[in-house]
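Working notes for the structure below.
In the numbering used here, the protein residues as written are 7 to 455.
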């Protein structure tokens, strides 16, 4: 039996049988409603490739930056060394050229000039350890004079031109030449007053001031007296009144109230300066002016102060005059309102209390409010008459809607009258509220009736 046959027989004996093998161990539990699928996780819907972990390149980039930084530092160092060497070379060439130029000048100059321009010999300081004459060393022998180098003057001129050109190119530009400033002109003399207006003291002061004005020096002080009045001077602008929301009168301190009064006084003074006095006096009533003057005099007498009118007719205390002027204007406005309420509608031809542009603002507001009140009363009377004609009974019941409308019309008319009065008198708006102004108007109307 050959080896092949023996091997073949072994293979045939070890061939597995076709019958299924029995399971070894405990059979895994499987639900009956599940097929014969193998146990484990369900297969995914999409097969994604495995994600590789990102490589951290921070160290790599840092090493690369360090390498570049070292190369740049090395380049900067090499560049600085080259610049230093170049600068040293230029200085060396300049020293050599200066030495050659100095020697050439001394060689070509006359003996007197050469001896004068020669560099002095260095003086050696005295030695403390000098030996006696017998022991002193022998003096050094004089060195033979070195021959002067042969220099070509053309090359020397060319070198000097190059050096001068380079120095001029590297030097900063010179500052521009400023011509000498002309002497300040003498200040113009103030205009001479007219013969009929010139005062004797001004005529005597003019010759005395002429010698004192120097031809050149500090500017003279500003003119005073008549010269200041003759010179055109722009008046200082007054501060404008504050705008926007303001505190009521009861919420202000004494300093704020005083500042507000001063601002209002400045505004009135500014208005008075721009006002045509002749036109205003021609339109205003003499009675209003007389009452305003009485108010000013009364304020002075109550305060126990002397007369505020100076010798030239101008007020002595400007602040006191402004405060009294503001109060007088408020009093005039109140008197005009009382007169307008007492007289009722003003005829078209009257100019009392008016201004140069037309009728007075307070009187016009009173006329408009009076017209609205008359229209409301007429409307209410018509409603009452129509109601009496229909019912033939008592007067119209004010509890109905028509009566409410009439009452609302009357209230609206009174509110509009109050608003018109406060709008025409802004100085009273900061002191009185709408209700107090309405009560004041009702009191004036009751006193007039």
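Beta carbons: idealized from backbone N, C-alpha and C, even for Gly. On a predicted model such as this, the values are computed, not experimentally measured, just so you know.
Residue 260 sits away from residue 433, with the two beta carbons spaced by 8 Å or more.
In this structure, residue 447 lies away from residue 426, with their beta-carbon atoms at least 8 Å apart. Assignment of residue 104 by DSSP, reduced to helix, strand and coil, places it in the helix class.
Around the beta carbon of residue 343, 16 or more other beta carbons lie within 10 angstroms, which makes this residue buried. Going by beta carbons, residue 162 and residue 107 fall inside the 8 Å limit.
The Cβ atoms of residue 436 and residue 255 sit closer than 8 Å to each other. A straight-line Cα-Cα distance of about 26 Å links residue 30 and residue 48. Judged by DSSP in its simplified three-state form, residue 65 adopts helix. Apart from the 5 residues on each side of it in sequence, residue 103 sits with its Cβ closer than 7 Å to the Cβ of 165, 169 in its chain, given in chain order.
Residue nearest to residue 172 within the set 114, 275, 100, 160 is 100 (criterion: CA-CA distance).
With a contact defined as Cβ atoms closer than 8 Å, residue 382 and residue 419 qualify at about 5 Å. Boundaries of the alpha helix (DSSP H) harbouring residue 435: 432–435, taken from the DSSP string. Take the alpha-carbon of residue 392 and the one of residue 279: they are about 58 Å apart.
Residue 442: member of the alpha helix (DSSP H) spanning 440–454, first to last residue.
Note on geometry: alpha-carbon atoms of residue 263 and residue 428 lie some 20 Å from one another.
The C-beta of residue 52 has fewer than 16 other C-beta atoms within 10 Å across all chains shown, which makes the residue exposed. The beta carbon of residue 70 is closer than 7 Å to none in its chain, skipping five residues each way along the sequence. When rounded, the separation of the alpha-carbon atoms in residue 421 and residue 311 is 42 Å. CA-CA distance, residue 38 to residue 25, rounds to 25 Å. By the beta-carbon neighbour count (other beta carbons within 10 angstroms, threshold 16), residue 431 is buried. One alpha carbon belongs to residue 105, the other to residue 81, and they sit about 36 Å apart. Per DSSP, reduced to three states, the secondary structure at residue 52 is coil, with no helix or strand assignment.
Taken through DSSP and simplified to helix, strand or coil, residue 258 comes out as coil. The alpha-carbon of residue 57 is positioned some 36 Å away from that of residue 75.
Per the coordinates, the alpha-carbon of residue 92 lies some 55 Å from the alpha-carbon of residue 59.
DSSP places residue 427 in the helix class (H, G or I) of the three-state scheme.
When secondary structure is reduced to three states using DSSP, residue 110 falls in the helix class.
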